[in-house]
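Single-structure report; data block below.
Protein chains in written order, with our numbering: chain A, 297 to 651; chain B, 5 to 344.
Below you can see the structure in the form of structure tokens.
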């Protein structure tokens, strides 16, 4: 009898740890609601939630780009520089509204393609030259940032095509104070697509397997090199796409943009429950992570915290959130194994990505 | 670890030296041939002085990297400790006391990093990235984002001594013909020498390699891995504050942003020196020459009048080239050990 209750409580605990990111999110919301209530303000209004979600869109895209790579046990530090380099090189084609200029999808395709090409370089450096991902993407980060500065100098590309800007700023539908924006829809589609890729396709399974044990994956016939190269191509291409959205929102492209992006992306992915060791995590957690981070930024602004102190709070939060989450992930993995052992009738073990 | 032990028996050979020495010699030779005014006594002295900050940082970084971690907070700690020292000086505190306060702050911050990594089990990359934000924020808040100067006082003679030259030889009347050795370079050599001595002659080195190679095995072998890791992070924090002292004396003021980006240069220097990021492999000499290689490249490009954006690309290329060189050397080594 006691065995059954312990299994039940373990099941309960597992459900709790499965949604660890959601728990953190709820805690963050509650904290800012309470802190604002002390000043007599209301924090969790519909309009503010829609602002937070809209802000989190960019973070989600780079978070997904980073999460894909972290799932294979790697890292991509070139995200911010690739955003700057690709948009600065071909962003001029997006300026102005003259009717005879090329359709804005053409330069967008070129920019994402260029990002994928840099991703190919990353992948080749890592798999063929056996460079650690940190160093390889670090080198491309340096090189891309330098080329961006070289291409544009201290100038800024501004006054972008208004059709293109709609992608970053457009509003599709207003439901009272809550407005559904184009970036939200793009991010939702992206998450659906990535989730399908990771959990329902062969390639996704290979990503998880390569990340959790590269040697075993290779010996069981998975072309790990090809998987890793593809993941870097996808990730860096996504980074270039994120650069486009970023520029569309700010109405400008500049060589110095998004220097912190790779680290923000790592933060978002790790708070979202992706294990840094690779092979474990759910892509929807990234959405949770990015909403948490943008809620914290938004909340600190609502409490008018000085910008120097915001870096301090952010730094501390990264450390504590990741520590907390790593702890929960470990508990979750142990519980999952125990539950599997105690339930012999379940023939199918859950895949590493299922949560 | 086993590779270095095996090498000792083979006696002195070229393969004993870290690869970055060859990279350094190559770059140095090319710069001397192609860049006018590079191989002049004055420029070489400037080069040494410029590189000494990065050398100190990269030594601390290599220690942590060999143990399988990384310390991205070094730049932030440099700014923070520099600001604290400068504030102490501007309040009229004695120089030596101010320096001690700065070093203590660096050490304490390093301990904090070690605590995050060992006790809270946060991956080193994330933990030190977070604490980089914390340190930068402290530097900005304390200094109000302004450059800090201090009045001439009773302590200025000590500062003058620290900033002065030990040796000065004039080969000619122009500034480029004067060879000088500043006290800061001597200080760097002494500190680096001490650390390398400790690393080679005490258990510090072998424990560091053991922890980096396999922490679990090291723990089972009776090494107090958590304490040693804490110590390593503390040393790296103190190295950052020592580098802050160098910056402070060289510029005679302190900006809260002076450490920005230096941690990445230190990583590049350490990696060029053959320190593998997965831990358990590397050398401190290598890191010193890695730092020198970087500064030869930067210095010669500046003398040629090439702007900093190109320098960034070239540094990326040097990093890739150095890594290829390291990989080739490792393959050569493996092939030879298979034969014997």
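All C-beta atoms, glycine included, are put in the ideal place defined by N, C-alpha and C.
Could you give the first and the last residue of the continuous beta strand (DSSP E) run that contains residue i?
i                      : result
residue 504 of chain A : Segment 498-508 is the alpha helix (DSSP H) holding residue 504 of chain A; no beta strand (DSSP E) there.
residue 475 of chain A : 474-477
residue 522 of chain A : Run containing residue 522 of chain A: none in the beta strand (DSSP E); it sits in the alpha helix (DSSP H), 520-546.
residue 388 of chain A : That residue, residue 388 of chain A, is in no beta strand (DSSP E); it is neither H nor E in DSSP.
Please confirm whether residue i has its beta-carbon closer than 8 Å to some beta-carbon of chain A.
i                      : result
residue 269 of chain B : no
residue 119 of chain B : no
residue 7 of chain B   : For residue 7 of chain B, the predicted structure reports a pLDDT of 45, less than 50, and the residue's modelled location is therefore unreliable. The matter cannot be settled from this model.
residue 31 of chain B  : no
residue 323 of chain B : yes
residue 333 of chain B : no
residue 140 of chain B : yes
residue 337 of chain B : no
residue 185 of chain B : no
residue 135 of chain B : yes
residue 91 of chain B  : no
residue 218 of chain B : no
residue 221 of chain B : no
residue 229 of chain B : no
residue 320 of chain B : yes
residue 145 of chain B : yes
Give the interface partners of residue i over in chain B, defined as CB-CB distance under 9 Å, in chain order.
i                      : result
residue 624 of chain A : Residues of chain B passing the Cβ test: none, with the nearest at roughly 12 Å.
Give the interface partners of residue i over in chain A, defined as CB-CB distance under 7 Å, in chain order.
i                      : result
residue 65 of chain B  : What residue 65 of chain B touches in chain A: nothing, since even the nearest Cβ is about 13 Å away.
residue 128 of chain B : In chain order: nothing, as chain A lies at least about 10 Å away.
residue 110 of chain B : None at all; the shortest Cβ gap to chain A is about 17 Å.
May I ask you to check if the CB of residue i is nearer than 7 Å to at least one heavy atom of the ligand SAM?
i                      : result
residue 202 of chain B : Ligands in the displayed structure: none, and consequently the ligand SAM is not present.
In terms of residues, what are the limits of the alpha helix (DSSP H) holding residue i?
i                      : result
residue 429 of chain A : 429-448
residue 305 of chain B : 288-307
residue 310 of chain B : Counting along the chain, residue 310 of chain B falls outside any alpha helix (DSSP H), and DSSP gives it neither H nor E.
residue 417 of chain A : 401-423
residue 470 of chain A : Residue 470 of chain A -> not in any alpha helix (DSSP H); beta strand (DSSP E) instead, spanning 467-471.
residue 122 of chain B : 99-122
residue 142 of chain B : 128-147
residue 36 of chain B  : 23-38
residue 275 of chain B : 266-276
Report the neighbours of residue i on chain B: residues whose CB is nearer than 8 Å to its CB, in chain order.
i                      : result
residue 428 of chain A : 280, 281 and 282
residue 431 of chain A : 275, 281, 323 and 327
From the beta carbon of residue i, is the nearest beta carbon of chain B less than 8 Å away?
i                      : result
residue 367 of chain A : no
residue 572 of chain A : yes
residue 420 of chain A : no
residue 631 of chain A : no
residue 486 of chain A : no
residue 416 of chain A : no
residue 425 of chain A : yes
Give the residues of chain A in contact with residue i, contact being defined as C-beta atoms less than 9 Å apart.
i                      : result
residue 125 of chain B : 619, 622, 623 and 626
Can you pull the chain B residues whose beta carbon is under 7 Å from the beta carbon of residue i, in chain order?
i                      : result
residue 566 of chain A : 130
Check: Any residues in the segment 435-463 of chain A with a beta carbon nearer than 9 Å to a beta carbon of chain B? Which ones, in chain order?
Finding: 435, 436, 437, 438, 439, 440, 441, 442, 443, 444, 445, 446, 447 and 449
Check: Going along the segment 590-624 of chain A in order, which residues come within less than 7 Å of chain B, judged by CB to CB distance?
Finding: 604, 605, 607, 608, 610, 611, 612, 614, 615, 618, 619 and 622
Check: What residues in the segment 549-561 of chain A have a beta carbon less than 9 Å from any beta carbon of chain B?
Finding: 551 and 559
Checklist line | Under 8 Å (Cβ pairs) to chain A, residues found in the segment 277-304 of chain B | finding: 280, 281 and 282
Item checked: Segments of 3+ residues assigned as beta strand (DSSP E) that fall wholly inside the segment 164-241 of chain B -> 169-174 and 182-186
Notebook entry, point to check: For the segment 63-88 of chain B, which residues have a CB atom closer than 7 Å to at least one CB atom of chain A, in sequence order?
Noted result: none
Notebook entry, point to check: In chain order, which alpha helix (DSSP H) runs of at least 4 residues are fully inside the segment 557-625 of chain A?
Noted result: 557-567 and 579-598
Check: Which residues, in order along the segment 305-317 of chain B, keep a beta-carbon less than 9 Å from a beta-carbon of chain A?
Finding: 311, 312, 313, 314, 315, 316 and 317
Margin query: Beta carbons nearer than 9 Å to chain A: which residues of the segment 22-52 of chain B have them?
Written below: none
Check: Can you give, in chain order, each stretch of the beta strand (DSSP E) that sits fully within the segment 304-352 of chain A and has at least 3 residues?
Finding: none
Checklist line | Inside the segment 49-99 of chain B only - beta strand (DSSP E) runs reaching at least 3 residues | finding: none
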